[in-house]
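Working notes, beginning with the structure itself.
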Amino acid sequence: MSKKRRVPPQDAMFLWIETPETMMHVASLMPFTPPADAGPTYLRDILDEARHQPVLPPWNQKLTHPFLLRHPRQAWVEDENFDFDFHVRRSALASPGDERELGILVSRLHSHQLDFTRPPWELHVIEGLEGGRFALYTKVHHALVDGYSAVKMLGRSLSEDPGSKGKFFFSLDPPKRSKPPKEAVSLVRAVSGTATGVAKGALGAAGSAAGVAKAVIKLETSRGEEHKNLKGGWSAPDSIFNQRTSRTRRFATQQFATSRFKAVAKASGGTLNDVVMAVCGGGLRAYLEELGELPEKPLVAFVPVNIRDDGDEGGGNKVAVLMASMGTHVADPVERLDAVIDSTRQAKSQMSGLGQLPSLAYSGYLLAPSIAQTSAAIAGVKNPLPTTFNLVLSNVPGPKKTLWLHGSRLEAVYPVSIPAHGMALNITLETYADTMNFGFIGDREAVPHLQRLAVHTGEALTALERGLGLPTGAGDGDASGAPATRQQPGPGRSAATRAALAEAGKKGAAKKTTATKRTAKKTATKKTTAKKTTAKKTATPKTATKKAATD
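Structure (structure tokens):
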């Protein structure tokens with residue numbers, strides 16, 4: 001038996017909360033366009049080559065106690081009988097497979113638990129997509145590799161050189177984990193028994209406590225109109241997303257040119273993430289209105305954010321959590337964006353000046369009430385306390401340049417994340433080569449017709465562009481050969497949705513606060529609008545998500 005490696009507490013947490021209904025695996029869907037000269041055995045030859053490559057840690061490691069995931073001494077050990085064909089599998093859609101059929105297959109694959117008697121990961125090579133395309137669906141348990149490392153490792157298996165023939169991720173050395181934050185080191189020293197360590201640790205802890213206390217007091221005492229968009233741990237409405245989940249999932253995607261979001265951010269004075277939240281908020285509003293489930297209060301999103309200390313120029317991620325309004329209570333798309341901008345700015349100001357450890361402590365304070373939310377969802381009863389948040393919305397930075405796999409061009413990178421009890425919807429986007437790739441994953445029972453939410457999100461972006469006087473759809477289909485935006489064309493929308501979008505556009509165009517900025521932008525882009533719109537109309541019929549809108 002090979003040497004054991006204890007599962008660290010931060011990884012073991014994902015094993016402790018694993019159930020058939022709350023599966024803690026994450027995945028990535030990557031569609032590819034093969035080279036023009038690819039023969040009938042192209043994919044088989046690539047996999048045969050990979051079969052003879054060594055499988056390195058952590059991809060060759062399994063749990064020592066697979067039938068007792070909460071075992072206090074859980075450890076990783078090498079799987080001496082590693083079965084390549086169990087982990088790397090081939091699937092095929094009925095040719096020519098469209099985006100809807102691909103989404104159905106991914107939904108099904110993501111609904112199954114991983115086998116913990118083996119290394120907990122799978123790679124599915126999916127053939128039969130229209131145009132001779134194929135896709136890779138990679139599923140890995142969060143206890144084996146964290147999401148950030150998984151993205152980095154998948155990226156390393158690809159190349160900016162179309163002629164490169166690199167190794168698959170499971171044959172690459174894993175990236176080294178970043179060092180613990182300096183605040184955490186000081187706390188370890190505090191219990192090390194040395195006088196110096198105790199003194200430094202006590203000072204660090206006192207500073208952390210003071211910073212957290214200040215942020216909490218500000219949160220709990222802020223009242224009035226100027227603080228209406230500041231969201232704490234008790235401010236979310238009840239929604240259909242905050243219930244018990246089943247064992248099955250639904251999955252949908254959208255891809256947009258990053259330039260569209262940047263143009264909206266520049267015209268509004270917000271950030272790229274503000275625009276993402278407002279666009280998703282608009283999609284959620286239309287989706288919930290169709291279902292007759294739109295709350296009067298705005299939905300609140302759980303948003304992971306990068307936090308860095310003042311003067312800290314080092315690398316690595318510093319991640320905390322903020323709660324922010326999605327603006328779903330606002331019909332006008334531009335006013336909705338204004339509400340989101342105000343909410344995120346106030347949320348970020350709460351953690352301004354805090355170090356990483358105080359930020360994490362403050363995040364823990366925000367999330368503490370969600371224990372009741374999750375417990376009520378598991379029991380299937382009404383939460384006796386106010387809801388903490390309604391959904392998870394995350395933005396993952398991805399590769400900046402077009403990547404290739406043995407001559408095949410990577411079209412998109414769609415994250416497939418984790419729904420759970422009390423949080424049945426997760427929206428994660430990943431940036432890639434001047435595109436923004438949205439992955440919508442939800443519980444099949446709690447979030448019906450998920451594809452409609454994806455379609456409404458595309459419509460919300462268009463409505464926001466109209467409200468700001470910007471060209472609609474500019475840049476889609478032009479970035480690095482990426483396919484055009486996957487959204488349903490106008491004639492396919494319901495009459496109510498068309499009317500709402502038209503009215504929203506009228507209201508947004510009439511807003512006085514941004515009239516000067518919008519007029520200038522409109523004049524500058526007038527000459528190119530017709531050309532870009534024509535290009536979009538040509539590309540849109542080739543996309544297949546509009547077929548999936550019948551889900």
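Residue 477 in UniProt numbering sits at position 477 of the sequence shown, and the numbers go up by one each step. All C-beta atoms in this analysis are idealised placements derived from N, C-alpha and C, irrespective of residue type, glycine included.
Residue i versus residue j - alpha carbon distance
i	j	result
R51	R44	10 Å
G224	C280	Residue placement at G224 is poorly supported in this model, since its pLDDT is 49, which falls under 50; the coordinates are not used for a value here.
S111	L154	22 Å
A420	G39	42 Å
P298	H329	5 Å
L272	S417	21 Å
L425	T388	14 Å
T485	A94	Note that T485 scores 38 on pLDDT, short of 50, meaning its location in the model is unreliable and no value can be drawn from it.
P448	K4	44 Å
P304	T41	43 Å
E296	A347	21 Å
R133	E127	7 Å
L136	A92	11 Å
P84	L403	The sequence given here places Phe at residue 84; Pro does not occur at that position. C-alpha separation (whole angstroms): 25 Å.
Q287	P57	Sequence inspection shows Tyr at residue 287; the Gln mentioned does not correspond to that position. Rounded to whole angstroms, Y287 to P57 spans 43 Å at the Cα level.
residue 552	D476	Because the chain is modelled from 1 through 551, residue 552 falls outside the range shown and cannot be assessed.
L68	P20	14 Å
K262	L453	22 Å
T457	R108	23 Å
M326	A278	6 Å
Residue i versus the options, residue with shortest Cα-Cα distance
i	options	result
I17	H71, A236, A265 and E78	H71
I427	T435, I441 and D434	I441
D11	H141, A412, F169 and T402	H141
K401	L105, R249 and L410	L410
A324	A236, A257 and R247	A236
N242	L468, E445, L453 and H25	E445
S239	G422, L464 and A460	G422
F171	D37, T245 and V88	For clarity, residue 171 is Ser in the given sequence; the question names Phe instead. Of the candidates D37, T245 and V88, the one whose C-alpha sits nearest the C-alpha of S171 is V88.
D37	V321, S408, P96 and L464	S408
L63	V321, E160 and S2	S2
M23	Q53, K152, D173 and T248	T248
Same chain, Cβ closer than 6 Å to residue i, neighbours up to 5 away in sequence not counted
i	result
S268	L337
A291	Correcting the residue identity first, residue 291 is Leu in this sequence and not Ala. Once the five neighbours on either side are set aside, L291 has no close Cβ partner at all.
K165	H406
P66	F116 and T117
V191	Reliability of the predicted coordinates at V191 is poor, the pLDDT of 30 falling under 50, and the value obtained from them is presented with this limitation in mind. For V191, where only same-chain residues beyond five positions count, there are no Cβ hits under 6 Å.
T462	T472
L144	P58 and P120
S394	P304 and T428
F168	A50 and S157
F438	Q254 and L429
Span of the beta strand (DSSP E), counted from its first residue to its last, around residue i
i	result
W121	W121 to L129
A50	Here A50 belongs to no beta strand (DSSP E); instead the alpha helix (DSSP H) covers Y42 to R51.
Unbroken alpha helix (DSSP H) run spanning residue i, endpoints
i	result
W16	P9 to W16
V276	L272 to L291
S28	No alpha helix (DSSP H) holds S28; the beta strand (DSSP E) holding it covers H25 to T33.
E78	Where E78 is concerned, there is no enclosing alpha helix (DSSP H), although the beta strand (DSSP E) it sits in stretches over A75 to E78.
K266	T258 to S268
Neighbourhood of residue i by C-beta, 7 Å cutoff - its chain only, sequence neighbours within 5 removed
i	result
T138	A27, S28, L123 and L154
Q61	W76, V77, E78, D79 and P119
A162	Correcting the residue type first, residue 162 is Pro in the shown sequence and not Ala. Only W404 and G407 meet the Cβ criterion.
Chain D within 7 Å of residue i, Cβ atoms only
i	result
V88	The chain inventory of the structure shown lacks chain D, comprising one protein chain alone.
Sequence-distant residues of its chain with Cβ nearer than 8 Å to residue i (five each side left out)
i	result
G398	V151, G155, V413, E430, T431, Y432 and N437
Within the stretch 405-483, ranges of the alpha helix (DSSP H) (whole runs, at least 4 residues): 450-467
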